[in-house]
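K.L.:
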Amino acid sequence: MSISIDDIADALSEKGYIVIPRALDANVLNGLQHRVTDLSPEQWLSAGIGRNTDFQQNKKIRSDNIFWISKNDPQESAFLQNMELLRQGLNQRLYMGLFDFEGHFATYPKGAFYQRHVDALHGRSNRVLSVILYLNDGWSADDGGELLMYPEHQECQEKEPIQRVVPELGTMVVFLSEQFPHEVLESHRQRYSLTGWFRVNSSLSGRVDPAS
Ligand code: OGA
Ligand code: MN
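Note that the numbering used here numbers the sequence shown so that position 88 is 190, with each residue one more than the last.
(1) So what does DSSP say about H219, is it helix, strand or coil?
(2) Kindly confirm or deny that the stretch 287-307 and the stretch 132-149 touch, where touching means at least three C-beta pairs closer than 8 angstroms.
(3) Just reading off the alpha helix (DSSP H) that T297 is part of, what are its end residues?
(4) Within its chain, find whatever has a CB closer than 7 angstroms to the CB of V121; leave out the 5 residues flanking it on each side and keep chain order.
(5) Who are the Cβ neighbours of V302 in its own chain at under 6 angstroms, not counting the five residues just before and after it?
(6) Which one or two residues does DSSP pair with G247 in a beta bridge?
(7) The alpha helix (DSSP H) spanning V275 covers which residue range?
(8) Helix, strand or coil: how does DSSP classify G152 here?
(9) Nearest to K173 by alpha carbon, out of P143, I110, Q183?
(10) Determine the direct distance from the alpha carbon of E144 to that of R124, and round the result to whole angstroms.
(11) Hey, N129 and W146 are a contact pair by Cβ (cut 8 angstroms); roughly how many whole angstroms apart?
(12) With distances taken Cα to Cα, identify the nearest neighbour of Q281 among A222, M103, E288, F300.
(13) Between V81 and the ligand OGA, is the CB less than 6 angstroms from at least one heavy atom?
(14) Output the distance between the C-alpha atoms of F181 and F300, rounded to the nearest integer angstrom.
(15) Please state if the CB of L250 and the CB of E204 are separated by a distance shorter than 7 angstroms.
(16) Here's the rule: buried if 16 or more other CB atoms are within 10 angstroms of the residue's CB, otherwise exposed. What is D156?
(17) Rounded to the nearest angstrom, how far is the Cβ of L114 from that of L235, given a contact under 8 angstroms?
(18) Please find out if some non-hydrogen atom of the ligand MN comes closer than 6 angstroms to the beta-carbon of D166.
(19) May I ask you to check if the CB of D239 is nearer than 6 angstroms to at least one heavy atom of the ligand MN?
(20) How far does the beta strand (DSSP E) with R164 in it extend, from its first residue to its last?
(21) May I ask you to report which of helix, strand or coil DSSP gives A214?
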């Protein structure tokens, strides 16, 4: 990682999120970029179907396609190693009890978006920390597709975003999953990202596993 885990931990405890430019080693970023652009159309799943059986597919809410990453691919594995170091470092500093990480590439074709949502509804998910890494070269303001993050506990839907993030290669956003509603504005060109979540172990944290 380009910044220390101390800095990430401080940001998470002070404001709950951090945006890190050029977060990872150039080799790792380029490897991921090659990997994601080399995936064939059949390898992509329409978001909302597949692994999470309780997640209703809803094209009105999101229109991206996803591909789950694993240790079997060397580029994906290099990224997962970085996430493992982050997991251990945050657990040591913040006692977060992060148990594992799951993640997928996402591609937003021209015209795709993801409406405002929260990654984990309070008490109903074991996802506690979200990570988004962007994999696009030379993104400009005209390309749309920005991530907008909104303040926690907002009553009024009209509130201004607290953060706008341009999905440029290497930019990584890390945030507490339950606390920040966010959306992806309509993208005007093909957009690639890698999104993942650190989870706590439901049985250890005393929560009841949602039916799956
Ligand atoms: C998500 C998400 C944002 C992005 O997949 O849950 O909010 O910028 N992605 O790709
Ligand atoms: Mn999200």
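We put the CB at the ideal spot given by N, CA and C, even for glycine.
P.N.:
Reading off the structure:
(1) strand
(2) yes
(3) Premise fails: T297 lies in the beta strand (DSSP E), 293-301, not in any alpha helix (DSSP H).
(4) Q265, V267, T273, V275
(5) Only G199, F201, N228, V230 meet the Cβ criterion.
(6) For G247, which the question treats as bridged, DSSP gives no partner whatsoever.
(7) Careful: V275 lies outside any alpha helix (DSSP H), inside the beta strand (DSSP E) at 274-278.
(8) Here G152 scores only 42 on pLDDT, less than 50, and its place in the model is too uncertain to base an answer on.
(9) Q183
(10) 30 angstroms
(11) Incorrect: roughly 25 angstroms between the Cβ atoms, too far for contact.
(12) A222
(13) Since the displayed the chain opens at 103 and closes at 314, residue 81 lies outside it and no answer follows.
(14) Each residue's Cα considered, the two are about 14 angstroms apart.
(15) No, the pair does not count as a contact, with Cβ atoms beyond the cut-off.
(16) Reliability fails at D156, whose pLDDT of 49 lies under 50, so the model's placement of it is uncertain and the value that follows must be treated cautiously. Its Cβ having fewer than 16 others within 10 Å, D156 is exposed.
(17) The Cβ separation is near 17 angstroms, so there is no contact.
(18) No, since every heavy atom of the ligand MN falls outside the 6 angstroms radius drawn around the Cβ of D166.
(19) Checking every heavy atom of the ligand MN against the Cβ of D239, none is found closer than 6 angstroms.
(20) No beta strand (DSSP E) contains R164, which DSSP labels as neither H nor E.
(21) In this structure, A214 counts as coil in the three-state DSSP scheme.
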